[in-house]
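Each residue of the sequence shown is one higher than the last, beginning at 909 in my numbering.
Note that CB positions come from ideal geometry on N, CA and C, so glycine has one too.
Values in this document were obtained by computation on a predicted structure and should not be read as measured data.
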Amino acid sequence: MRESEPLQQVDRTYIRYRGRKLSYFGGCDYYRLSSHTAVLAAVEAGLRRFGLNVAASRLTSGNHRLYLELEKALAQFFGAEAALLVSGGYATNLVVAQTLAGQFSHALIDERSHGSQRDASQLLDCPVVQFKHRDLQDFARALHRCGRGTRPIVLTDGLFAHDGSVAPLRAYLKLLPRDALMMVDDAHGGGTVGRFGRGSVEFEGVSRSRVVQNVTLSKALGVYGGAVLCSRQLRARLVERSRIYSGATPIPLPLACAALQALRVLRTDRKLRRRLEQNVAYVKASLRDEGFALPDHPGPIVGLRLRPASRAASLKQSLLAAGILPPFGSYSGHAGDGWFRFALSSEHSRAQLDNLVQTLRPFAAWDATQSTAS
């Protein structure tokens, strides 16, 4: 994997790339809260009042009251019993896995789960069994291979980054034994799907009793950090057992202020969710009208795969010619598995959306997504 070229964000939906101002459908700042005036004001106020950094672990002298306030607000927003703030979204899965190591017989993991979950599976100290992406039959086969009397843990994204699909959490739980657990990486689902934006857990309508939901603060909330949403009992164990948590410096205090403000904005400004939903529905309906067989996934993401590579190269050129940065990358870790992933936001203008649809129109016949992914 190569390091990408540096980009300069010039306003909420554009970037500067090689001297050109281009529409930006990359990243995952779905409400552009990273540049929301109230969120920026909270950062400035927090910096003046608290300084930049506690410069210590929360288990020594760095457990500021703001972290507890933010955890309470996160738990309330997502409807969870408790929340534990960690230093980054990637670390959430690692913190949970390190704490639960040795307590499960097998780890079942979706083949397209995020890399942080793959790393986390290695910390669980049990055999890892991979199943096909969102494939309930293969999941059942993988569970059967574990044998009777086993206690598995399931690792899956809640909302998958490459195409906006949601894992069938409810169906998984029906097949799992009662003492099994699911660890759901809901970095993209938290704040974007579900009636109240509580993520894939809410969207699927499942109980939290056998689910640990991990979220990031850097996508829908536009800030930085991560949080584990769980029971009070598990939170206490995470604090006690995870060296990743206990040895890390927490997020800077101004960012904790910003995250609190972002939660307030997302909770109270219903127009944000409405604009995002409208933009997503408009783009997907328009692309279907142009001949794209887009699946009915709820996430604010349009994922396209063109083959052979020459067609992908042609689309890249067309996007650049139309003033759009090509959001192309790999979402499986396999060479040649390239996707165009268009992340839609509440702040993209109708003109930007129309330009995207018109640029994609000639490539409808070459969309290989339906034959290569579920």
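Between the beta-carbon of Gly1199 and the beta-carbon of Ala1273, is there less than 8 Å?
-> The residue you call residue 1199 lines up with position 291 of the sequence shown. The residue you call residue 1273 lines up with position 365 of the sequence shown. Taking 8 Å as the Cβ cut-off, Gly1199 and Ala1273 qualify as a contacting pair.
Considering Gln1011, what are the terminal residues of the beta strand (DSSP E) in which it resides?
-> What you label residue 1011 is simply residue 103 of the sequence shown in a count that begins at 1. Taken as a continuous stretch (DSSP letters only), Gln1011 belongs to no beta strand (DSSP E), as it is neither H nor E.
Hey, is the region 1247-1258 in contact with the region 1184-1191, meaning 3+ C-beta pairs nearer than 8 Å?
-> Under the 8 Å Cβ criterion, the region 1247-1258 counts as touching the region 1184-1191, having at least three qualifying pairs.
Cβ-Cβ separation, Tyr932 to Leu1180 (assumed contact under 8 Å), whole Å = Against the sequence shown, residue 1180 aligns to sequence position 272. Against the sequence shown, residue 932 aligns to sequence position 24. Leu1180 to Tyr932, Cβ: 18 Å. No contact.
According to the Cβ coordinates, are Leu930 and Ile1152 closer than 8 Å?
-> Mapped onto the sequence shown, residue 930 falls at position 22. Mapped onto the sequence shown, residue 1152 falls at position 244. No, the Cβ-Cβ distance between Leu930 and Ile1152 is not below 8 Å.
Return yes when the Cβ of Pro1235 is within less than 8 Å of the Cβ of Gly934, no when it is not.
-> Mapped onto the sequence shown, residue 934 falls at position 26. Mapped onto the sequence shown, residue 1235 falls at position 327. Gly934 places its beta carbon less than 8 Å from that of Pro1235.
Return the residue from the list Gln1225, Ala1259 and Gln1260 that minimises the CA-CA distance to Phe1271.
-> Reading the sequence shown from its first residue, position 363 is the one you call residue 1271. Of Gln1225, Ala1259 and Gln1260, the residue nearest in Cα terms is Gln1225.
Minimum length 3: unbroken beta strand (DSSP E) runs contained in the region 1098-1146 = Along the region 1098-1146, the beta strand (DSSP E) occurs as fully enclosed runs of 3 or more residues at 1119-1124 and 1134-1138, listed in sequence order.
Hey, quick one: how far does the beta strand (DSSP E) through Gln1038 stretch, first residue to last?
-> Reading the sequence shown from its first residue, position 130 is the one you call residue 1038. Its beta strand (DSSP E) spans residues Val1036 to Phe1039.
In this structure, what does DSSP give as the bridge partners for Gln916?
-> Locating residue 916 in the sequence shown gives position 8, where the first residue counts as 1. For Gln916, the beta-bridge partners assigned by DSSP are Arg924.
What residues match up with Ile1017 in a beta bridge as DSSP calls it?
-> What you label residue 1017 is simply residue 109 of the sequence shown in a count that begins at 1. Gln1038 and Leu1063.
Could you round the C-beta distance between Val1101 and Pro1206 to whole angstroms and report it? I think they count as a contact, below 8 Å.
-> Against the sequence shown, residue 1101 aligns to sequence position 193. Against the sequence shown, residue 1206 aligns to sequence position 298. With 8 Å as the limit, Val1101 and Pro1206 qualify as a contact, their Cβ atoms being about 5 Å apart.
CB-CB length for Arg1078 against Val1114, believed under 8 Å = What you label residue 1078 is simply residue 170 of the sequence shown in a count that begins at 1. What you label residue 1114 is simply residue 206 of the sequence shown in a count that begins at 1. Going by Cβ atoms, the distance from Arg1078 to Val1114 rounds to 5 Å, so yes, they are a contact pair.
Decide if the region 986-999 is in contact with the region 1125-1143; the criterion is three or more beta carbon pairs, one per stretch, under 8 Å apart.
-> Pairwise C-beta distances place the region 986-999 in contact with the region 1125-1143, as three or more of them are shorter than 8 Å.
Of all the beta strand (DSSP E) runs that stay within the bounds of the region 1222-1267, which reach a length of 3 or more residues?
-> Segments of the beta strand (DSSP E) lying fully in the region 1222-1267: 1236-1238 and 1246-1251.
Is the Cβ-Cβ distance between Val1004 and Met1091 less than 8 Å?
-> On the sequence shown, residue 1004 is found 96 positions in, with the first residue counted as 1. On the sequence shown, residue 1091 is found 183 positions in, with the first residue counted as 1. Against a cut-off of 8 Å, the Cβ pair of Met1091 and Val1004 comes out as a contact.
Segment contact flag, the region 1016-1025 with the region 1036-1051, C-beta cutoff 8 Å, min 3 pairs = Yes: the two stretches touch, three or more of their Cβ pairs being nearer than 8 Å.
Rounded Cβ spacing between Val1147 and Glu1112 (contact assumed at less than 8 Å) = Along the sequence shown, read from residue 1 onward, the residue named residue 1147 stands at position 239. Along the sequence shown, read from residue 1 onward, the residue named residue 1112 stands at position 204. In this structure, Val1147 and Glu1112 do not form a Cβ contact; the two beta carbons are roughly 28 Å apart against a cut-off of 8 Å.
What's the C-alpha gap between Gln916 and Tyr925?
-> Looking up residue 916 in the sequence shown gives position 8. Looking up residue 925 in the sequence shown gives position 17. Each residue's alpha carbon lies about 7 Å from the other.
Can Val1092 be considered in contact with the ligand SAM, in the sense that its beta carbon sits closer than 7 Å to one or more heavy atoms?
-> Questions concerning the ligand SAM fall outside what the structure shown contains, since it holds no ligand whatsoever.
Give a yes or no on contact between the region 943-952 and the region 1156-1173, applying the rule of three or more CB pairs nearer than 8 Å.
-> Verdict: yes, contact present.
Within the chosen definition, does the region 1256-1272 reach the region 950-970 through at least 3 CB pairs nearer than 8 Å?
-> With a cut-off of 8 Å, the region 950-970 and the region 1256-1272 do not count as touching, because too few Cβ pairs lie within range.
Name the residue from Glu913, Arg920 and Arg910 whose alpha carbon lies nearest to the alpha carbon of His1256.
-> Taking the first residue of the sequence shown as 1, we reach residue 1256 at position 348. Comparing Cα-Cα distances from His1256 to each of Glu913, Arg920 and Arg910, the minimum goes to Arg920.
With a Cβ-Cβ cutoff of 8 Å, do Leu1137 and Ala991 count as a contact?
-> Position 229 of the sequence shown, counted from the first residue, corresponds to residue 1137. Position 83 of the sequence shown, counted from the first residue, corresponds to residue 991. Taking a C-beta distance under 8 Å as the contact criterion, Leu1137 and Ala991 qualify as a contact pair.
Confirm, please, whether the CB-CB distance from Pro1162 to Tyr975 is below 8 Å.
-> On the sequence shown, residue 975 is found 67 positions in, with the first residue counted as 1. On the sequence shown, residue 1162 is found 254 positions in, with the first residue counted as 1. If you check the CB distance, Tyr975 and Pro1162 do not come in under 8 Å.
Nearest to Gly1319 by alpha carbon, out of Asn961, Glu977 and Leu978?
-> For residue 1319 there is no data in the structure shown, the boundaries of the chain being 909 and 1282.
By a C-beta neighbour count over all protein chains shown, 10 Å radius and 16 as the cutoff for buried, is Leu967 buried or exposed?
-> Position 59 of the sequence shown holds residue 967. Result: exposed.
Considering only residues of the same chain and omitting the five flanking positions on each side of Gly1241, which have a CB-CB separation below 6 Å?
-> Within the sequence shown, numbered from 1, the residue matching residue 1241 stands at position 333. Its pLDDT being 48, under 50, Gly1241 is placed unreliably in this model, and the value from its coordinates should be taken loosely. The answer is none, since no qualifying residue turns up.
Between which two residues does the beta strand (DSSP E) containing Leu1081 stretch?
-> For the purposes of this step, residue 1081 is taken as the residue at position 173 of the sequence shown. First-last for Leu1081: Leu1077 to Leu1083, but that is the alpha helix (DSSP H), not the beta strand (DSSP E).
Excluding the five sequence neighbours on either side, which residues of its own chain have a C-beta within less than 8 Å of the C-beta of Asp1093, listed in chain order?
-> Position 185 of the sequence shown holds residue 1093. Counting only Cβ-Cβ distances below 8 Å, and skipping sequence neighbours, we find Thr1000, Asn1001, Ser1021, His1022, Ser1024, Gln1025, Leu1063, Thr1064, Asp1065, Gly1066 and Asn1122.
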